[in-house]
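Notes for the one structure printed next.
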Amino acid sequence: MGGASPCASCKLLRRRCAKDCIFAPYFPSDDPHKFAIVHKVFGASNVSKMLQVLLSFPFPFPRENCLTLFFTFRKNNGI
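Mapping of the sequence shown onto UniProt numbering: position 30 corresponds to residue 30, and the numbering continues sequentially without gaps.
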């Protein structure tokens, strides 16, 4: 959680944003539209599970780029 403001996920889901919130690094409070789209397609629980799997792999480039590619691929290919 960045500062006193909850991440976009916690704000949309109307819950308290914990220090170790899995969504906070990828869905900052200043871009709520990004999480709203992902939430509409996959649901918060599935996004959380996908993030946990995705974060378990080492990547040589920024995870934010990988996350965007991952969600786009899943949406476009129905996997």
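We put the beta carbon where it would ideally sit given N, CA and C, even for glycine.
Proximity of residue i and residue j at Cβ, strictly below 7 Å
i     : j     : result
PHE23 : LYS34 : no
ALA44 : LEU67 : no
PHE32 : CYS17 : In the sequence as displayed, the identity of residue 32 is Pro instead of Phe. The answer is no: Cβ separation not under 7 Å.
LEU51 : PHE70 : no
From the options, residue whose alpha carbon lies closest to that of residue i
i     : options                       : result
ASP30 : VAL53, ASN76, CYS10 and LYS19 : CYS10
LYS75 : SER48, PHE42, PRO58 and GLN52 : PHE42
CYS8  : PRO58, ALA36 and PHE73        : A small correction: the amino acid at residue 8 is Ala; Cys does not occupy that position in the sequence shown. For the residues PRO58, ALA36 and PHE73, the minimum Cα distance to ALA8 belongs to ALA36.
PHE73 : ASP20, LYS19, PRO25 and VAL38 : VAL38
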